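Enquirer: In our numbering, the protein residues as written are 509 to 1525.
1. So, for residue 611: in the same chain, excluding its five sequence neighbours on each side, which residues have a beta-carbon less than 7 Å away from its beta-carbon?
2. Relative to the C-alpha of residue 626, which residue among 801, 565, 1147 and 1201 is closest?
3. With burial defined as no fewer than 16 other Cβ atoms inside 10 Å of the residue's Cβ, what is the status of residue 1435: buried or exposed?
4. Please work out which residues of its chain come closer than 6 Å, Cβ to Cβ, to residue 640, disregarding the five sequence neighbours upstream and downstream, and give them in chain order.
5. Kindly indicate the opening and closing residues of the alpha helix (DSSP H) around residue 1438.
6. For residue 1276, which three-state DSSP category applies?
7. Evaluate residue 732 with the Cβ neighbour count: other Cβ atoms within 10 Å of its Cβ, from every protein chain shown; 16 or more gives buried, anything less gives exposed.
8. Mind the definition here: the segment 953-965 touches the segment 996-1004 only if three or more C-beta pairs lie below 8 Å; say whether that holds.
9. Is there contact here, the segment 923-932 with the segment 973-988, by at least three beta-carbon pairs under 8 Å?
10. Spell out the partners DSSP gives residue 1106 in its beta bridges.
11. What residues match up with residue 940 in a beta bridge as DSSP calls it?
12. If I'm right that residue 1205 touches residue 1169 with Cβ under 8 Å, what's the distance once you round it to whole angstroms?
13. Quick one: what does DSSP say residue 1026 is sitting in, helix, strand or coil?
14. Could you spell out the range, first to last residue, of the alpha helix (DSSP H) harbouring residue 560?
15. With DSSP collapsed to three states, give me the class of residue 676.
16. Out of curiosity, what's the CA-to-CA distance linking residue 648 and residue 923?
17. Going by the beta-carbon positions, is the gap between residue 673 and residue 698 smaller than 8 Å?
18. Kindly list the residues whose CB is nearer than 8 Å to the CB of residue 736, restricted to its own chain and excluding five residues on each side of it in sequence; keep chain order.
19. Count the other CB atoms within 10 Å of the CB of residue 1262; is the residue buried (16 or more) or exposed (fewer)?
20. Of all the options 1047, 1007 and 1032, which has the alpha carbon lying nearest to the alpha carbon of residue 1017?
21. Using the rule of at least 16 other Cβ atoms within 10 Å of the residue's Cβ for burial, across every protein chain shown, is residue 968 buried or exposed?
22. Within a Cβ cutoff of 6 Å, which residues of the same chain sit near residue 1386, ignoring the five residues on either side of it in sequence?
23. Determine the closest residue to residue 843 out of 1393, 874, 962 and 921, with distance taken between C-alpha atoms.
24. Where residue 862 and residue 772 are concerned, what is the direct C-alpha to C-alpha distance, given to the nearest angstrom?
25. So, helix, strand or coil for residue 451, using DSSP?
26. Nearest to residue 601 by CA position, among 616, 586, 644 and 650, is which residue?
27. What does the Cβ neighbour count give for residue 1152, buried or exposed, with the cut at 16 atoms within 10 Å?
28. So for residue 1447, helix, strand or coil by DSSP?
29. For residue 1098, count neighbouring Cβ atoms within 10 angstroms of its own Cβ and tell me buried if that reaches 16, exposed if not.
30. Could you check what DSSP says for residue 1253 in three-state terms: helix, strand or coil?
31. Please tell me whether residue 677 and residue 661 are closer than 8 Å, where the distance is taken between their beta carbons.
32. Beta carbon of residue 1191, beta carbon of residue 1213: below 8 Å?
33. Specify, as a first and last residue, the run of the beta strand (DSSP E) that residue 1395 falls within.
34. Do you know offhand how far residue 1277's Cα is from residue 1253's?
35. Assign residue 1040 to one of three DSSP states: helix, strand, or coil.
36. Do you know whose CA, among 1045, 1086, 1044 and 1022, lies nearest residue 1053's CA?
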């Protein structure tokens, strides 16, 4: 952060001082006969001689002229003494440099000293500044000083304003501030105060302090403040951009006269304090923290509140209708939280509201319920306020002006539903309307075409449908940003239609653009287009050469054909992002301009080699950061001229017919993050020079003819590597233990090679596989897809940049090959199958409890399956088939609740298959080719699990053994039972005796239970 605006109160205070001083200066020039003392004049001339003046700031300092008439010098009207010295530079030119001469000490009556915005680089702050006993204002803001702050400044007992911000100061303590009893304004922005742990107590003891700015000061600790003395004075408190400050000090919210509190861009966690005495607050900014709570009730009762930003936290719960109490509210920003429920109806009763930003939450319900009936004051209320990335900037709020109407409404990226209200067309002063990424249905209302002040309009990625005609744009003459991709809309305008606007951004992805499927003429006549998305619109024909001058161009997934013209000229220096993938372009690759940063020509019909493209001598080096040429018909070898592409971060050449060796100069791509050369015919070894590519996150060299060993340098030189895919090559040798240094590795896919030896036991060092993965986006760095650090995009009106080509990988899991893209960062996979590995499965492997897929099939592994495999509870796919594993299946398998695919076939496993709900869903084929038994098989198990009976024994050709003892016992039982039955039938006396016995036994049983029941009742 280069600079921070001074608070409005301080600005007004300084302006008043400046006005008074200017009046004094004018009066002294016109009417004062008194000249400045000679000693003071001589001191100033000596100062001039010691300084270098690049802006001629001191050009009027002439020894023949009264110093009171010099520029930047203000004298006392009565005495002629120099009272003020205003030597500030400006934002663009650092005028003065050199050393501050000690002769300045002779200005003993100095009350005002401003040396800000200069370049006294390498100089320490003169300690003699502490000798100016009458000094009231000292401004050294961004003056280039370094070293320690002179503690003699603490002697300036009359000092009222002190600005030391944005210098390279080294501060150990702030105790020297304690003597500044009259200090009202203190700015130490960007001064490292990490060692000044007592800063809170020091400023708490300054009785006159009104405004404090400790922005970006590396504060990481706040000592407790028991008795808050600032409660009667402090009005402005800014501690933003102190990223290690935590927890939030409760005493901040006890400052009863506080008007502005800015704690944005810190690391505060937990709840926003639920109790606050700061009821006079006019501005609250708690954005960009990690607060995890609901919006506290006390905020709804700050009736003077004008600006509220709680964006980019983890806030949850509902936005209460009590927001209607904030009758002074002009801007509210609650974006990027987890707020839910319906939009509060109280918003439409706020008569001064200027900007409503609630995007990227979980808000639900129909917007029609909110904007169906808006109050009259809401329809005519507001003044201009602009957003820059959800941080308010631009015009300051004019607190004394008349208000007109709502200017900004941002409800994007929620779960809002229903139709877009027709009544939104009544917000006649609306300039920004963002409803993108919701669940809106139906048509786009024609009433929105009446918003004659509308500049930015985004309705993309909803479920809108129907037809859009010329009447939808009839009054939108100021429209410059129109984003509506991701809907099913048909554009029906005449072939000669001339729109009333000139757009800078146009996104119509997935639209139907009318008959003929050609690029409409009206689009080609938009002279200011900088961002154009016509992806998936079905357009055909050749691409207009003028389109290749567009900064952001996406015409992917269409039927465009022909060759792509060379991109060797451009009307300005800004970075360009061109996506022409999934069309029918053919011929050779186009040559490009040095300012093309992203080029996606994947999945087309480009052929021939790429030497002319890569080794083009038009420019010494190129700025390309992403080159995506996958899925074409490119052939030939990779040329050895990668030194021309020093900024390349993504190189994707997969699924072509290229051959030869990978050249050594590819190691010059030191910023490379992703390398994809799969599906070609590359041969030879992986070049050693690639050990210089230390930023690699992904490497996919699969389906080639590479040979040699797995490089040992990968483990030590690629510390951040997450994805290593080398399967289907001719690599061999042992898997070195050096690979275990890849602690960030989450996918290791080296199957179908010739690796031998044992699986290294150090695999437990794969830390990323030992934890549950969460979704990450580091594959797409913000400076690549937005605003490059080397060529910042000045015109931000184009909105967010296009999404990058999705990083993807083809992986075999659950026995099927899948392409992973959006959830790639969640995948954890080890596949060592189809090699010549031997030895046991190391039990250390089971410590990788975050692993989701493990495939060791088709090797020569022996020994038993580790019992500790039950710890791998995230495991979804496990394939150990076609090895020589022995012993029983461990009971730990019953703990694998996530397992949905299992293959243990064709090993030497014995015994019972453990019984569990998860294992019962597996196919019997998962266990075939072993000596197993259990419910999943036709072979039942004995009580001890080591014997089996049933039809499967006969299928294996084994004759059943005759158990003669059981045969004789059965025959004896049959003979005895038959004899007894025969006797009962033939012998009448025996029959009577038998049934009489049965009757007496029944009577005894009946009487027994009847007596028991009687006692109970």
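Ideal placement from N, C-alpha and C gives every residue a C-beta, glycine not left out.
Computed from a prediction, not measured in an experiment: that's the story for all the values here.
Expert: Straight from the coordinates:
1. 551, 554 and 555
2. 565
3. buried
4. 618
5. Unbroken run through residue 1438: none, as it is neither H nor E.
6. helix
7. exposed
8. no
9. no
10. 1085 and 1134
11. 916 and 964
12. No, residue 1205 and residue 1169 are not in contact; Cβ-Cβ is about 24 Å, not under 8 Å.
13. coil
14. Note, residue 560: premise wrong, no alpha helix (DSSP H); beta strand (DSSP E) at 559-561.
15. strand
16. 50 Å
17. yes
18. 712, 759, 762 and 763
19. exposed
20. 1047
21. buried
22. 1362 and 1410
23. 921
24. 21 Å
25. Absent from the model: residue 451. The displayed extent of the chain is 509 to 1525, so no value can be given.
26. 650
27. buried
28. coil
29. buried
30. coil
31. no
32. yes
33. 1394-1396
34. 7 Å
35. strand
36. 1086
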